[in-house]
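What follows is a short report on a single structure.
Number of protein chains: 2
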Amino acid sequence: MTEIEITDVTAACGTSLVGEPLSEAAAADLAHTMKALADPARLRLLSIVAASAGGEACVCDLTGPVGLSQPTVSHHLKVLTEAGFLSRSKRGTWAYYALVPGALDRVSRALGAA
Amino acid sequence: MTEIEITDVTAACGTSLVGEPLSEAAAADLAHTMKALADPARLRLLSIVAASAGGEACVCDLTGPVGLSQPTVSHHLKVLTEAGFLSRSKRGTWAYYALVPGALDRVSRALGAA
DNA sequence: TCATGACATCGACGATAGTCGATATTGACA
DNA sequence: TGTCAATATCGACTATCGTCGATGTCATGA
């Protein structure tokens, strides 16, 4: 992989699990998106960011609550960002992560919810 | 793990990602449920079962479309069944798998959708 | 310019997951 | 009872993932 993929979650938009059989490509895209959510540390990071004041949090605010090292937290945030669930804005020395609006809703719809 | 877990998907019911920070246990439960959906083969199996006539399909109808060996398909179906997404009913020599109604909807709601 | 602090990247390790061939199990049928 | 067909389980291999310590990068401020 030579380039960073962004807004991966949009790739699974329009496809629905319960409609017709997923193509091989659509299944791979959706699986890649779901894989970003298939980790307890990443789910907790998402929920903590969502519950933070201003809807954003920096890495230093996240390492404590999840009980993981700074490199590990940074890695998980990168996975979530590349999957299209988080956005990153660097201000000074700090990197603030925020939920991408509608990203989780797109996954919900891909799962067949109306 | 000495016992088979059933209706795993119900464990994540009532919790929402965007509400308040997930507890360690809730995150582990939801991650386990999402992990069952984080594989292209399993997503295709779910969609094929959903699109089958009568809403159910036997293993022999599934090995061909997904292009995997019979033991591998059987393994994926077991994961989906233990996660609460599929139900298994054996009639004669055949094992028919069907979608568990509402299972995917519960995941959608856990993701924060209204 | 140099030191400090926040974050990202690297390299490595152990654990887990997906896949297969071989084999066991179970039900149907002659 | 014996054979065959459908499915499940087992054992092994490979690949991928989560985690960490060490190090690199960059902005701030003395």
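Just so you know, the protein sequences line up as chains B and G, in that order. Just so you know, the first sequence maps onto residues 878 to 991 in our numbering. Just so you know, the second sequence maps onto residues 878 to 991 in our numbering. We treat Cβ as the ideally placed atom computed from N, Cα and C, and that holds for glycine. Please read these numbers as outputs of a predicted model, since none were measured by experiment.
In angstroms with no decimal places, state the Cα-to-Cα distance between residue i and residue j.
{"i": "E897(G)", "j": "C937(B)", "result": "19 Å"}
{"i": "L976(G)", "j": "V956(B)", "result": "30 Å"}
{"i": "E959(G)", "j": "S893(G)", "result": "22 Å"}
{"i": "T970(B)", "j": "V926(B)", "result": "18 Å"}
{"i": "S951(G)", "j": "R968(B)", "result": "50 Å"}
{"i": "E882(G)", "j": "V943(G)", "result": "Only weak support exists for where E882(G) lies, its pLDDT of 43 falling under 50; the coordinates are left without a value."}
{"i": "R986(B)", "j": "G979(B)", "result": "10 Å"}
{"i": "S964(B)", "j": "D906(B)", "result": "20 Å"}
{"i": "A904(B)", "j": "S924(B)", "result": "26 Å"}
Among the residues of its own chain, which have a CB less than 6 Å from the CB of residue i, if the five just before and after it don't count?
{"i": "Y973(G)", "result": "E933, C935 and S966"}
{"i": "L954(B)", "result": "Y974"}
{"i": "T879(G)", "result": "Only weak support exists for where T879(G) lies, its pLDDT of 35 falling under 50; the value from the coordinates is given anyway. Cβ within range, chain order: n/a, list empty."}
Going by beta carbon distance, what residues of the same chain come within less than 8 Å of residue i, once the five residues before and after it are set aside?
{"i": "S946(G)", "result": "T940"}
In three-state DSSP terms, what is residue i?
{"i": "S985(B)", "result": "helix"}
{"i": "S924(B)", "result": "helix"}
{"i": "S951(G)", "result": "helix"}
{"i": "A915(B)", "result": "coil"}
{"i": "E933(G)", "result": "strand"}
{"i": "L899(B)", "result": "coil"}
{"i": "L908(B)", "result": "At residue 908(B) the sequence reads Ala, which differs from the Leu that was named. In this structure, A908(B) counts as helix in the three-state DSSP scheme."}
{"i": "L945(G)", "result": "coil"}
{"i": "L939(B)", "result": "helix"}
{"i": "L976(B)", "result": "strand"}
{"i": "L963(G)", "result": "strand"}
Applying the 10 Å Cβ sphere with the 16-neighbour rule, what's the burial state of residue i?
{"i": "A902(G)", "result": "exposed"}
{"i": "P948(B)", "result": "exposed"}
{"i": "G931(G)", "result": "exposed"}
{"i": "P917(B)", "result": "buried"}
{"i": "G961(B)", "result": "buried"}
Give every residue of the same chain whose Cβ lies closer than 7 Å to the Cβ of residue i, excluding the five residues on either side of it in the sequence, and list them in chain order.
{"i": "A928(G)", "result": "none"}
{"i": "V895(B)", "result": "G989"}
What distance in whole Å lies between the Cβ atoms of residue j and residue i, which are believed to be in contact at a cut-off of 8 Å?
{"i": "L899(G)", "j": "G989(B)", "result": "In fact, because the Cβ distance is near 23 Å, the residues do not count as touching under 8 Å."}
{"i": "L922(B)", "j": "A908(G)", "result": "Actually they are not in contact, since the Cβ atoms of L922(B) and A908(G) sit about 12 Å apart, beyond 8 Å."}
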